[in-house]
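Residue numbers for the sequence shown follow UniProt numbering, so the first one is 1 and each next one is one higher.
Every residue gets a Cβ at the ideal spot worked out from N, C-alpha and C, and that includes glycine.
If you're wondering where the values come from, they're calculated on a predicted model, not measured in any experiment.
Below: the structure, in structure tokens.
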Amino acid sequence: MSEYNEHGNENSGNNSGNYGDNNADIYKMPGAGNPSLRLVVALLTGVVYGLLLRVGFENKSLHAWLQIVSTAFLVVAPFSVGAISVLLAAGKSRIHVGMQVMVSCSAMAMFLLAMFMCALEGLICIVLVVPVFFLAAIIGGFIGGAIHNHFRVPNTNIYSFALLPLLLGPIEARLPPVQSEQQVSTVIQIQASPEEVFEQLASVQDIKPGELGFSLVHLIGLPRPLAADMSGTGVGAVRTSRWEKNVRFEEIITTWQKPYAMHYRFHIPTGGIPRDALDRHVEMGGEYFDVLDGGYDLQAKDGGTELRLSTRFINKSQLKTYGDLWGRMVLNDFHHSILGLMKNRAELAHQRATGQVAVNSLPLNK
1 MSEYNEHGNE NSGNNSGNYG DNNADIYKMP GAGNPSLRLV VALLTGVVYG
51 LLLRVGFENK SLHAWLQIVS TAFLVVAPFS VGAISVLLAA GKSRIHVGMQ
101 VMVSCSAMAM FLLAMFMCAL EGLICIVLVV PVFFLAAIIG GFIGGAIHNH
151 FRVPNTNIYS FALLPLLLGP IEARLPPVQS EQQVSTVIQI QASPEEVFEQ
201 LASVQDIKPG ELGFSLVHLI GLPRPLAADM SGTGVGAVRT SRWEKNVRFE
251 EIITTWQKPY AMHYRFHIPT GGIPRDALDR HVEMGGEYFD VLDGGYDLQA
301 KDGGTELRLS TRFINKSQLK TYGDLWGRMV LNDFHHSILG LMKNRAELAH
351 QRATGQVAVN SLPLNK
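Here it is, written out as structure tokens:
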């Protein structure tokens, strides 16, 4: 009858849980005779392996062969971390599913923390990869555990798993790039006229953090907008947006139909986004993602105004589906924050115009 020891390894009878003396030498690792120490060594090995991959994939001299924003690193690497950690933690005993999940998730959590503490990744990127990293690590742990429980070549298994990202990376890097363009549109209803709403769009002064409300993207480190200054009006005018961390970019007006439409294309001047302002893997105008154009559309509806904010972005990474998904989620979250600001200011302006509130209670644009 099977039973589990205190560390989650399954022992079945006298010999069924062990792989015999012929394979004992392959388990000669630090802590092999101590389950607790073996677990620590397994987790640390998984973390160190992951960090080595992270540094290698970011090495510019290897960029033609290995790319950080790729399936090889963002899916296969955490898969291998989970598998290797489980194989090493198992020792000579069978390892049950619960232990496989615990080991793979622990190794992945430590790996992510280590990347953040070593300043290899910012909080934004860490949050974006958490779902796929943990899922891939758990699957890797399951497969590594299944192989361990049914076969007797653990060293070969570990080497094979360790090589997977390095084998896939060069193949993926050689695939022809296929760019993906996406448009995100977000709508809000405002109890004010299109004319009153439009007045809030061009120049937006002195944005207070509380006016933006809760936003996940700002919580994880995306700089908050501080102001937008409009030079001139009509097509060709330039709207300069200023964010926290000295981020500055321009929106060149391409459509001006007051009070129903204001469209623009983005222009990021040299030095407009400091290196430490955004994670380099997700920055606007960066190697993997860029924003192209966008704009506001207004329509009178139900006694107020329907305001639509749209942004078109391009995903240049190999991760089309995942990159598009997160790009849409991040922009939609940001849109809600900006539209909430416009709604509050326009409705307060409307209330002032109709005498419902005092004039000096409003953070109006100048």
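Next on the checklist: Between which residues of its own chain and Asn332 is the CB-CB distance below 6 Å, once the five residues before and five after are set aside?
Outcome noted: Short of 6 Å from the beta carbon of Asn332, and not among the five residues preceding or following it, lie these beta carbons of its own chain, in chain order: Val184 and Thr186.
Next on the checklist: Here's a check: name, in chain order, each residue in its chain whose Cβ is nearer than 6 Å to the Cβ of Thr270, leaving out the five neighbours to either side.
Outcome noted: Cβ within range, chain order: n/a, list empty.
Item to check | Simplified DSSP assignment, three categories, for Ile314 | outcome: Residue state, collapsed to three classes: strand.
Item to check | Reference Ser310; option with closest CA among Leu219, Leu128, Val132 and Val330 | outcome: It is Val330.
Checklist entry - When burial is assigned at 16 or more other CB atoms within 10 Å of the CB, is Tyr159 buried or exposed? => result For Tyr159, the number of other beta carbons within 10 angstroms of its own is below 16, and it is reported as exposed.
Checklist entry - Three-state secondary structure (DSSP) at Met230? => result Here Met230 sits in strand by DSSP.
Checklist entry - Hey, how far is the Cα of Ser80 from the Cα of Gln179? => result Cα to Cα, Ser80 sits roughly 28 Å from Gln179.
Item to check | With 16 other Cβ atoms within 10 Å as the buried cut-off, status of Asp25 | outcome: Legend: pLDDT at Asp25 = 44, less than 50; position of this residue unreliable, no value from coordinates given.
Item to check | Whole-angstrom distance between Ser317 and Thr71, CA atom to CA atom | outcome: When rounded, the distance between both Cα atoms is 10 Å.
Checklist entry - Thinking C-beta only, is Leu43 closer than 8 Å to Pro165? => result In this structure, Leu43 does not lie closer than 8 Å to Pro165 by Cβ.
Checklist entry - Where does Asn23 sit, in a helix, a strand or coil, going by DSSP? => result Note that Asn23 scores a pLDDT of 45, beneath 50, so its modelled location is shaky; the value from the coordinates is reported in the next line. Three-state result, Asn23: helix.
Checklist entry - If you run the structure through DSSP and keep just helix, strand and coil, what is Leu51? => result The answer is helix: DSSP assigns Leu51 an H, G or I state.
Checklist entry - Which two residues bound the contiguous alpha helix (DSSP H) that contains Trp326? => result Segment Lys320 to Ala353, the alpha helix (DSSP H) holding Trp326.
Item to check | Separation of Arg242 from Ile273, as counted between CA atoms | outcome: One C-alpha to the other measures close to 10 Å.
Checklist entry - Under a three-way DSSP split, which group does His148 fall into? => result DSSP places His148 in helix when its eight states are reduced to three.
Next on the checklist: With a threshold of 8 Å, are at least 3 pairs of Cβ atoms found where one atom belongs to the region 188 to 197 and the other to the region 302 to 309?
Outcome noted: A contact between stretches requires three or more CB pairs, one per stretch, nearer than 8 Å, and the region 188 to 197 meets this requirement with the region 302 to 309.
Checklist entry - Within the chosen definition, does the region 199 to 215 reach the region 105 to 120 through at least 3 CB pairs nearer than 8 Å? => result These segments do not touch.
Item to check | Ala137 and Cys105 closer than 8 Å at C-beta | outcome: Less than 8 Å separates the beta-carbon of Ala137 from that of Cys105.
Checklist entry - Around the Cβ of Ala64, are there at least 16 other Cβ atoms within 10 angstroms (buried) or fewer (exposed)? => result Classified as exposed, Ala64 has fewer than 16 neighbouring CB atoms from the shown chains inside 10 Å of its CB.
Checklist entry - Which of the three DSSP states, helix, strand or coil, is assigned to Pro194? => result Judged by DSSP in its simplified three-state form, Pro194 adopts helix.
Next on the checklist: Rounded to whole angstroms, what is the Cα-Cα separation between Glu172 and Ile68?
Outcome noted: If you take the alpha carbons of Glu172 and Ile68, they lie about 11 Å apart.
Next on the checklist: If you reduce the DSSP assignment to three classes, tell me which class Pro170 lands in.
Outcome noted: In the structure shown, Pro170 sits in a helix (DSSP, three-state: H, G or I).
Next on the checklist: For a test of the three-state rule: what should DSSP assign to His96, helix, strand or coil?
Outcome noted: When secondary structure is reduced to three states using DSSP, His96 falls in the coil class, being assigned neither helix nor strand.
Checklist entry - Relative to the alpha-carbon of Gly56, which residue among Phe73, Thr45 and Asp293 has its alpha-carbon at the smallest distance? => result Ranking Phe73, Thr45 and Asp293 by Cα distance to Gly56 puts Phe73 first.
Next on the checklist: If I follow the unbroken alpha helix (DSSP H) through Val238, where does it start and stop?
Outcome noted: Not the alpha helix (DSSP H): Val238 falls in the beta strand (DSSP E), residues Val238 to Trp243.
Checklist entry - Which residues share a DSSP beta bridge with Trp256? => result Note: Trp256 sits in a beta bridge opposite Met262.
Next on the checklist: Less than 8 Å between the beta carbons of Gly141 and Phe161, yes or no?
Outcome noted: No, these two residues do not count as a Cβ contact at 8 Å.
Item to check | Inter-residue Cα distance where the pair is Gln351 and Gly340 | outcome: Gly340 has its alpha-carbon roughly 16 Å from the corresponding atom of Gln351.
Checklist entry - Whose C-beta lies closer than 6 Å to the C-beta of Glu58 among residues of the same chain, with five residues either side of it excluded? => result Hits under 6 Å: Ile68.
Checklist entry - Under three-state DSSP, which class holds Gln356? => result In the three-state DSSP reduction, Gln356 falls in the coil class, being neither helix nor strand.
Checklist entry - If you follow the beta strand (DSSP E) that Phe73 is part of, which residue opens it and which one closes it? => result For Phe73, there is no enclosing beta strand (DSSP E), as DSSP marks it with neither H nor E.
Item to check | Whole-angstrom distance between Arg224 and Leu325, CA atom to CA atom | outcome: When rounded, the distance between both Cα atoms is 22 Å.
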